[in-house]
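Novice: Residue numbers (my numbering), protein chains in the order written: chain A, 6 to 361; chain B, 6 to 361; chain C, 6 to 361. Before anything else, here's the structure in question.
Given below as structure tokens:
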């Protein structure tokens with residue numbers, strides 16, 4: 006599967022990993038089991054017993070260990086078999102792969118790449134539902150589509166004017182205006198001022214005259230972090246179109262974290278949160294926003310799964326980028342570059358090995 | 006897919022194409038969107054936006070145009086993009102394929118082949134539900150089977166004696182008797198006189214002693230047009246087995262139009278109408294006949310889908326034709342000849358191009 | 006499909022083959038129709054009409070014959086077409102394959118291999134529900150997994166300690182103890198004495214102090230025949246661990262016959278019976294045991310289908326046998342040897358043909 010590996014993928018919401026309840030998930034086509042010990046330590050292993058390939062996610066937690074519940078092999082947190090019932094000798098190669106795993110911003114993240122390159126500093130600065138500054142709802146949904154198509158969707162909000170008329174109530178300004186695009190080391194930043202608030206979701210909580218600033222970073226491997234707020238009329242002009250201080254927003258400051266995780270080549274899981282800043286809303290507003298989001302993300306899925314089906318029946322699919330695709334192009338170039346670098350590194354490794 | 010292309014395929018019932026409601030259908034493995042404008046003009050385009058391959062059938066009609074509702078590209082009836090929101094220049098290659106489309110006999114027909122060869126005179130002379138001479142019901146059903154198997158079924162009515170005992174009540178005369186088969190330029194004609202009316206559907210409306218004449222044409226690409234009626238005993242003998250004048254029928258004159266459309270390699274859509282001539286029945290008889298047809302066509306589907314599953318698990322499937330297969334053989338030879346001709350034409354084209 | 010062919014496969018429970026009701030089943034990827042005549046004779050034919058490959062299992066029994074209900078071809082018990090409606094001449098090659106078929110021990114068995122090698126003596130000595138010595142319940146279930154994985158499961162009962170905690174209540178003795186394994190000509194014998202009866206299913210009918218002897222043969226192609234019983238404490242020691250005389254058991258003597266039949270490469274059907282010896286229980290105990298078995302076999306299926314899914318997403322699946330796998334290894338070696346022998350025989354055949 007053509008995805009960056011040296012990066013953190015969201016495997017689930019932290020609260021969905023209960024103590025001693027192993028969770029199985031397929032990440033980039035690899036079966037992974039994740040479990041939380043009574044000591045709150047998370048472990049992620051290859052979800053495939055060395056014995057006969059049964060999934061360890063059907064297993065039983067025993068203290069810091071996980072027992073395969075087919076024939077009883079017991080694994081420690083390093084993936085090593087420590088017990089084979091009725092057998093004294095344990096082969097040294099009786100070991101499954103481990104994955105670095107980490108809980109942060111209410112998400113459980115798994116590092117799918119080279120463990121030497123693993124670094125928690127690379128975890129995107131999402132906002133979790135435990136953040137005291139925001140009142141966030143959260144959810145997730147599965148897609149019968151490859152993750153790349155969902156990333157493309159999130160990198161070009163011109164689709165709001167068409168896909169989300171009946172949910173976000175987005176007008177054509179989203180499609181006609183080109184946002185400011187800034188390449189980041191690990192992604193792309195997208196910023197815009199919107200003058201026309203008619204129909205906008207901002208209107209749910211902000212009824213005065215005004216305009217809206219919106220900003221999101223879309224970061225490797227597929228994480229969207231978005232905020233924004235309403236400002237008095239003329240603010241954009243006064244700032245010369247530059248970014249405002251959100252502390253000074255007149256209203257409607259919200260945050261949404263969204264993550265796209267490739268399960269298999271053509272299935273994905275999409276995680277999302279959304280809600281107001283504590284100064285700009287309450288739990289009732291959060292629930293209203295989540296209701297809108299639920300409708301909107303179902304609209305996205307309908308379109309993207311249909312797009313996937315058309316692609317699947319197209320012998321040699323080719324796209325025709327428009328000027329609205331700039332962030333997509335930048336992000337996909339970044340992905341291609343990272344994959345190329347990882348591939349070069351992987352090829353270089355044996356050579357490096359000569360001297361050791 | 007091994008189908009004739011220079012021919013009209015039924016894409017649906019006319020009444021199912023409401024104004025400004027695009028309809029997506031896969032024809033011969035190609036995604037096609039069809040829509041009816043407020044001016045009643047039908048348009049059929051490749052159902053695949055040039056931008057990112059979203060289906061235009063999820064789009065919005067805007068006068069004579071169709072807007073892709075993913076990122077807003079607007080198409081005219083010639084398949085050309087006429088607007089890209091937020092972008093001034095439209096690349097000249099921003100164009101999807103168009104298909105000739107035509108409404109006739111209550112069906113919407115799409116020409117899948119060379120547009121230079123397109124000719125509405127090639128549309129089979131079906132009878133629509135708007136024909137004042139008949140009182141027709143209509144329906145459709147989808148098959149998990151390739152269209153060729155359904156065509157084969159419709160070309161050999163000897164199956165009536167076995168598949169349709171519990172619906173059409175056909176006796177063994179259908180299987181034991183060989184009908185008169187006449188090759189046509191675009192198909193095959195099948196005619197027969199049946200002496201034994203016991204159990205026959207004719208008995209629903211005709212209770213006197215008699216015999217039955219039945220005739221159908223099976224035309225490219227897979228359209229069955231069938232009529233017939235009941236006659237006094239001795240008519241067939243008096244006519245020397247020739248076709249009678251249906252104007253003189255004693256009763257039970259009906260018409261059925263049926264069409265088989267290949268969606269993908271192994272799925273098909275089957276359209277059918279049936280009902281009495283106005284002189285031989287009413288809406289109540291039509292409903293009775295449609296009830297029988299519904300049961301009978303479900304019997305066909307059960308058999309044909311099972312046949313498809315057997316074929317699919319057969320490494321090198323071979324058939325053993327019987328004398329009942331003559332119409333099938335003629336029709337399949339016609340199809341093979343047409344496909345060969347189309348292939349020769351396609352190869353010849355570059356040569357023609359030398360002189361221009 | 007990589008299975009032994011010169012062997013009897015269970016195609017179903019005898020009572021499920023009613024007179025004149027053809028049954029279709031896919032065995033080793035081949036469509037087979039089996040029917041019982043009014044004279045109680047079973048016939049098994051290739052389930053694929055020579056005409057157009059319709060399944061004969063949708064056909065109609067007519068005395069000793071079976072009529073294809075698509076176009077009426079009639080087959081005799083030797084697979085020969087004896088009638089083509091409306092056609093006088095029947096081609097000599099109008100014949101489908103026949104399979105030896107046999108009812109024994111309440112099962113219908115089909116021989117999938119060389120008919121010259123067919124021998125009913127090779128049918129495993131199962132115990133049918135008509136056996137007067139036992140009061141047996143029976144059932145079956147389908148698996149989305151290859152038969153080999155189910156065979157593996159049945160050859161290593163160490164899984165009882167983990168998979169069946171909530172059904173058979175098996176304790177860890179099953180996993181920690183290594184049974185006595187004896188190679189048989191057509192399979193493997195597995196015997197063991199269990200000292201710890203706590204939680205054991207034996208406790209359902211035997212409440213005194215004691216120990217348990219258990220023995221099963223697992224025979225080609227995948228048939229498990231198991232019995233055992235409870236004995237007073239010290240019996241195993243007194244016998245030096247040898248097999249006891251089950252006639253002398255203190256209680257809990259039961260029998261279970263189980264059979265695994267490969268349908269396609271990755272689907273299987275699993276047949277099972279279980280119940281007490283007439284001297285050790287009644288219909289109520291049988292029902293209790295069948296309730297437990299129903300729960301337990303569902304546990305197996307959950308594990309094995311999950312194992313199949315993991316295998317399917319593994320590029321080059323490899324197992325790591327443990328000492329608990331000895332019976333599996335012996336049985337799989339036997340299968341490999343038989344397949345090799347069959348292959349050699351098949352290659353030798355043309356050479357044999359030279360002289361004839």
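No residue lacks a Cβ here, since even glycine has one placed at the ideal position from N, Cα and C. Computed from a prediction, not measured in an experiment: that's the story for all the values here.
If the cut is a Cβ gap below 9 Å, which residues of chain B does residue 52/C touch?
Specialist: Those within 9 Å of residue 52/C in chain B are 315.
Novice: For residue 261/A, which of 138/A, 123/A, 23/A has the nearest alpha-carbon?
Specialist: Comparing Cα positions, the closest option is 138/A.
Novice: Please report the distance separating the alpha-carbon of residue 271/B from that of residue 72/B.
Specialist: Residue 271/B and residue 72/B: Cα-Cα distance of roughly 31 Å.
Novice: Count the other C-beta atoms from every protein chain shown that fall within 10 angstroms of the C-beta of residue 369/A, then say buried if there are 16 or more, exposed otherwise.
Specialist: Outside the displayed range of chain A (6 to 361) lies residue 369/A, so it cannot be described from this structure.
Novice: Can you tell me which of the three DSSP states residue 308/A falls into?
Specialist: Three-state DSSP puts residue 308/A in a helix.
Novice: Would you mind sorting residue 202/B into buried or exposed? The rule is 16 or more other CB atoms within 10 Å of its CB.
Specialist: Classification for residue 202/B: buried.
Novice: Within the same chain, show all residues whose beta-carbon is closer than 6 Å to that of residue 308/A, passing over the 5 residues directly before and after it, in chain order.
Specialist: Result list for residue 308/A: 168, in chain order.
Novice: Just to check my reading of the structure: residue 30/A and residue 42/A have Cβ atoms closer than 8 Å, yes? What is that Cβ distance to the nearest angstrom?
Specialist: Between residue 42/A and residue 30/A the Cβ distance is about 18 Å, and since that is not below 8 Å, they are no contact.
Novice: Please classify residue 110/C as buried or exposed, where buried requires at least 16 other C-beta atoms within 10 Å of its C-beta.
Specialist: Per the 10 Å Cβ criterion, buried.
Novice: For the stretch 83–98 of chain B, which residues have a CB atom closer than 7 Å to at least one CB atom of chain A, in sequence order?
Specialist: Hits within the stretch, in order: 89, 90, 91, 92, 96.
Novice: Assuming contact is defined by CB atoms lying nearer than 8 Å, are residue 186/B and residue 331/B in contact in what I supplied?
Specialist: Result yes, Cβ atoms of residue 186/B and residue 331/B sit closer than 8 Å.
Novice: Tell me, please, which residues DSSP counts as bridged to residue 139/A.
Specialist: In the DSSP output, where bridge partners are listed per residue, residue 139/A has 282/A.
Novice: Could one say the Cβ of residue 31/A lies closer than 8 Å to chain C's Cβ atoms, at least one of them?
Specialist: It does: the Cβ of residue 31/A has a partner Cβ on chain C nearer than 8 Å.
Novice: Taking the DSSP output, what are the residues bridged to residue 263/B?
Specialist: 229/B, 277/B, per the DSSP bridge assignment.
Novice: Which partner residues does residue 92/C have in the DSSP bridge list?
Specialist: Bridge partners of residue 92/C: 89/C.
Novice: For residue 248/B, does the three-state DSSP call read helix, strand or coil?
Specialist: In the structure shown, residue 248/B sits in coil (DSSP, three-state: anything other than H, G, I, E or B).
Novice: Which word fits residue 219/B, buried or exposed, when buried means at least 16 other C-beta atoms lie within 10 angstroms of its C-beta?
Specialist: Classification for residue 219/B: buried.
Novice: Give the DSSP bridge partners of residue 146/B, in chain order.
Specialist: Paired residue(s): 275/B.
Novice: For the putative contact between residue 257/C and residue 235/C, defined by C-beta atoms under 8 Å, what is the C-beta separation to the nearest angstrom?
Specialist: With a Cβ gap of about 4 Å, residue 257/C and residue 235/C count as contacting.
Novice: Among 151/C, 130/C, 199/C, which residue has its Cα nearest to the Cα of residue 162/C?
Specialist: Residue 162/C has its Cα closest to that of 199/C, out of 151/C, 130/C, 199/C.
Novice: Within 8 Å of any Cβ in chain A, is that where the Cβ of residue 101/B sits?
Specialist: So no, residue 101/B is outside the interface.
Novice: Could you round the C-beta distance between residue 217/B and residue 239/B to whole angstroms and report it? I think they count as a contact, below 8 Å.
Specialist: Not a contact, Cβ separation roughly 13 Å.
Novice: Within 8 Å of any Cβ in chain A, is that where the Cβ of residue 324/C sits?
Specialist: Answer yes: the Cβ-Cβ gap between residue 324/C and chain A drops below 8 Å somewhere.
Novice: DSSP three-state label for residue 345/A, please.
Specialist: DSSP places residue 345/A in helix when its eight states are reduced to three.
Novice: I want to verify the contact list: residues of chain B whose CB lies under 9 Å from the CB of residue 36/C, in sequence order.
Specialist: 314, 315, 318, 319, listed in chain order.
Novice: Would a check of beta-carbon distances place residue 167/B closer than 8 Å to chain C?
Specialist: True, the Cβ-Cβ gap to chain C drops below 8 Å.
Novice: Check whether the Cβ atoms of residue 343/A and residue 225/A sit closer than 8 Å, and answer yes or no.
Specialist: Yes.
Novice: What does residue 236/B pair with, by DSSP beta-bridge criteria?
Specialist: 216/B, per the DSSP bridge assignment.
Novice: Please decide whether residue 331/B counts as near chain C, where near means a Cβ-Cβ distance under 8 Å.
Specialist: Judged by the 8 Å Cβ criterion, residue 331/B is not in contact with chain C.
Novice: Is the shortest distance between the beta-carbon of residue 75/C and the beta-carbons of chain B less than 8 Å?
Specialist: Closer than 8 Å: yes.
Novice: DSSP three-state call for residue 25/C: helix, strand or coil?
Specialist: Residue state, collapsed to three classes: coil.
Novice: With a CB to CB cut of under 8 Å and the five nearest residues on each side skipped, what residues in its chain are close to residue 360/C?
Specialist: For residue 360/C, the predicted model reports a pLDDT of 34, less than 50, meaning its position is unreliable; a value from the coordinates is still stated below. Hits under 8 Å: none found.
Novice: Whole angstroms is fine: what's the gap from residue 126/B's alpha carbon to residue 67/B's?
Specialist: Approximately 31 Å, taken between the alpha carbons.
Novice: May I ask which residues mark the beginning and end of the alpha helix (DSSP H) holding residue 155/C?
Specialist: Residue 155/C -> alpha helix (DSSP H) spans 152–160.
Novice: Taking Cβ-Cβ distances shorter than 8 Å, what residues in chain A pair up with residue 59/B?
Specialist: Residues of chain A passing the Cβ test: 308, 311, 312, 315.
Novice: With respect to the beta strand (DSSP E) encompassing residue 14/C, which residues constitute its N-terminal and C-terminal limits?
Specialist: Here the beta strand (DSSP E) through residue 14/C covers 13–18.
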